[in-house]
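Here is the structure we will look at, set down as structure tokens.
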Amino acid sequence: GESVGLHLPTLSVQEGDNSIINCAYSNSASDYFIWYKQESGKGPQFIIDIRSNMDKRQGQRVTVLLNKTVKHLSLQIAATQPGDSAVYFCAENSGGSNYKLTFGKGTLLTVNP
Amino acid sequence: EAQVTQNPRYLITVTGKKLTVTCSQNMNHEYMSWYRQDPGLGLRQIYYSMNVEVTDKGDVPEGYKVSRKEKRNFPLILESPSPNQTSLYFCASSWTGGNEKLFFGSGTQLSVL
Chain A
39 GESVGLHLPT
49 LSVQEGDNSI
59 INCAYSNSAS
69 DYFIWYKQES
79 GKGPQFIIDI
89 RSNMDKRQGQ
99 RVTVLLNKTV
109 KHLSLQIAAT
119 QPGDSAVYFC
129 AENSGGSNYK
139 LTFGKGTLLT
149 VNP
Chain B
2 EAQVTQNPRY
12 LITVTGKKLT
22 VTCSQNMNHE
32 YMSWYRQDPG
42 LGLRQIYYSM
52 NVEVTDKGDV
62 PEGYKVSRKE
72 KRNFPLILES
82 PSPNQTSLYF
92 CASSWTGGNE
102 KLFFGSGTQL
112 SVL
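Sequence order for the protein chains is A and B.
Going by my numbering, the first sequence wraps up at 151, each residue one higher than the last.
Going by my numbering, the second sequence wraps up at 114, each residue one higher than the last.
This is the structure in structure tokens:
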């Protein structure tokens, strides 16, 4: 999962396996959460989002789970493919007038063929 | 195609030489923001704009300026660049900020010598 520090957390999986990327968020008042994928040399791309009135949301091959009790967010990727190899960021909107998304440090997912 | 366009993609400059990184979006978004991305520090917000002529500081605004004279453009200005501003910069936009996804540009890699 994501953590503070200079070293990016990494996850290595085999093609076809399911991947789970974890994220701990900091602000219990946050009411919106989002996952981004960033491939090398590109900008972050939206994957899926979830609001705090939900605990699960599914997209195409991806599921986001939100546990507000322990301030934990996870991204599940089903049948992981080599094209899923990237850095994955979670972000939270902690409210306020800025409506700023605060990003985690990211997790590097490597999919082995 | 809906997109956020940044220019240039790569820029090498010297300390003290003023530069501007342009950002344009074609989605009629009201909210725009600049982030910098550094290893181990993730994405940090520099400035944001809720609408035309409305801008405000993010987490790391020192050494940067922005302007929002029209809805589609949000240039980032470095009046006197320094080596600690060497970074990967991303412009992003959304309809209103708040609880919704940000659309990111492809990034500008800046090196200040």
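Here a beta-carbon is modelled for each residue, glycine too, at the ideal position from N, C-alpha and C.
- Item | Secondary structure of residue 60 of chain A, DSSP reduced to three states | As a working note, residue 60 of chain A is residue 22 in the first sequence. Reduced to three states, the DSSP call for residue 60 of chain A is strand.
request  = Please list the partners that residue 139 of chain A has in chain B, where partner means a Cβ-to-Cβ separation under 7 Å.
outcome  = The sequence position of residue 139 of chain A within the first sequence is 101, counting from 1. From the beta-carbon of residue 139 of chain A, the residues of chain B found nearer than 7 Å are 103.
Q) Excluding five sequence neighbours on each side, which residues of the same chain lie with their C-beta closer than 6 Å to the C-beta of residue 110 of chain B? A) The residue you call residue 110 of chain B lines up with position 109 of the second sequence. Listed in chain order, the non-local C-beta contacts of residue 110 of chain B below 6 Å within the same chain comprise 11 and 89, local neighbours out to five positions each way being set aside.
Reducing DSSP to helix, strand and coil, say where residue 65 of chain A ends up. Within the first sequence, residue 65 of chain A is the residue found at index 27, counting from 1. Residue 65 of chain A falls in the coil class under three-state DSSP.
**Message:** Less than 8 Å between the C-beta atoms of residue 124 of chain A and residue 140 of chain A, yes or no?
**Reply:** In the first sequence, the residue the question calls residue 124 of chain A occupies position 86. In the first sequence, the residue the question calls residue 140 of chain A occupies position 102. Taking the C-beta atoms as reference points, residue 140 of chain A is found no nearer than 8 Å to residue 124 of chain A.
Can you find the residues in the same chain that come closer than 6 Å, C-beta to C-beta, to residue 118 of chain A, ignoring five residues on each side of it along the sequence? Taking the first residue of the first sequence as 1, we reach residue 118 of chain A at position 80. If you ignore the 5 residues before and after residue 118 of chain A, its C-beta comes within less than 6 Å of the C-beta of 51, 55, 57 and 149, all in its own chain and listed in chain order.
Secondary structure of residue 76 of chain A, DSSP reduced to three states = Indexing the first sequence from 1 puts residue 76 of chain A at position 38. Here DSSP, grouped into helix, strand and coil, assigns residue 76 of chain A to strand.
At what residues does the beta strand (DSSP E) containing residue 48 of chain B begin and finish? Indexing the second sequence from 1 puts residue 48 of chain B at position 47. Its beta strand (DSSP E) spans residues 43-52.
From residue 55 of chain B to residue 68 of chain B, what distance separates their C-alpha atoms? Against the second sequence, residue 55 of chain B aligns to sequence position 54. Against the second sequence, residue 68 of chain B aligns to sequence position 67. Using only the alpha carbons, I get a separation of about 8 Å.
- Item | Cross-chain neighbours of residue 116 of chain B in chain A, by beta carbon under 7 Å | Outside the modelled stretch of chain B, which goes from 2 to 114, sits residue 116 of chain B, for which no answer is possible.
- Query: By DSSP, does residue 131 of chain A sit in helix, in strand, or in coil?
  - Reply: Along the first sequence, one-based indexing puts residue 131 of chain A at 93. If DSSP states are grouped into helix, strand and coil, residue 131 of chain A belongs with the strands.
TODO: List the residues of chain A whose Cβ lies closer than 8 Å to the Cβ of residue 91 of chain B, in chain order.
DONE: Here residue 91 of chain B refers to the residue found at position 90 when the second sequence is read from its first residue. Within chain A, the residues 81 and 82 have their CB atoms less than 8 Å from the CB of residue 91 of chain B, given in chain order.
- Anything in the region 74-90 of chain B with a Cβ closer than 8 Å to a Cβ of chain A? List those residues in chain order, please. The region 74-90 of chain B vs chain A, Cβ under 8 Å: nothing.
*Out of B:81, B:42, B:14 and B:101, which has the shortest C-alpha to C-alpha gap to residue 47 of chain A?*
Position 9 of the first sequence holds residue 47 of chain A. The candidate whose alpha carbon is nearest that of residue 47 of chain A is B:42.
Once the 5 residues before and after residue 146 of chain A are set aside, which same chain residues still bring their CB inside 6 Å of it? Position 108 of the first sequence, counted from the first residue, corresponds to residue 146 of chain A. Closer than 6 Å at the Cβ level, and outside the excluded window around residue 146 of chain A, lie 46, 48 and 125.
_Just to confirm my understanding: we take residue 43 of chain A, look at its own chain, exclude 5 residues before and 5 after, and list those with CB closer than 6 Å. What are they?_
Counting from 1 along the first sequence, the entry for residue 43 of chain A is found at position 5. With a pLDDT of 38 at residue 43 of chain A, under the threshold of 50, the predicted position of this residue should be treated as unreliable, though the coordinate-derived value follows. In its own chain, leaving out the 5 sequence neighbours on each side, no residue places its CB closer than 6 Å to the CB of residue 43 of chain A.
**Prompt:** Between which two residues does the beta strand (DSSP E) carrying residue 94 of chain A extend?
**Reply:** Here residue 94 of chain A is taken as the residue at index 56 of the first sequence, counted from 1. For residue 94 of chain A, the uninterrupted beta strand (DSSP E) segment begins and ends at 94-96.
TODO: Could you give the DSSP three-state label for residue 85 of chain B: helix, strand or coil?
DONE: Residue numbering aside, residue 85 of chain B sits at position 84 when the second sequence is read from its first letter. It is helical.
Practice task
Kindly indicate which three-state DSSP category residue 122 of chain A falls into: helix, strand or coil?
Solution key: For this step, residue 122 of chain A is matched to residue 84 along the first sequence. In the structure shown, residue 122 of chain A sits in a helix (DSSP, three-state: H, G or I).
If you reduce the DSSP assignment to three classes, tell me which class residue 67 of chain B lands in.
For the purposes of this step, residue 67 of chain B is taken as residue 66 along the second sequence, with counting starting at 1. Residue 67 of chain B falls in the strand class under three-state DSSP.
**Prompt:** Taking C-alpha atoms, which residue in A:138, A:142, A:114 and A:72 lies nearest to residue 57 of chain B?
**Reply:** Numbered from 1 along the second sequence, position 56 holds the residue referred to as residue 57 of chain B. For the residues A:138, A:142, A:114 and A:72, the minimum Cα distance to residue 57 of chain B belongs to A:138.
For this session: Less than 8 Å between the CB atoms is what I'm expecting for residue 2 of chain B and residue 96 of chain B, so what's the real figure, rounded?
Result: In the second sequence, residue 2 of chain B corresponds to position 1, counting from 1. In the second sequence, residue 96 of chain B corresponds to position 95, counting from 1. Not really, about 17 Å apart at Cβ, beyond 8 Å.
### Query
Is there at least one Cβ from chain A nearer than 8 Å to residue 100 of chain B's Cβ?
As a first step, residue 100 of chain B must be located in the second sequence, where it is residue number 99. Closer than 8 Å: yes.
Review point. Are the C-beta of residue 44 of chain B and some C-beta of chain A separated by less than 8 Å?
Key: Taking the first residue of the second sequence as position 1, residue 44 of chain B is located at position 43. Yes, contact with chain A.
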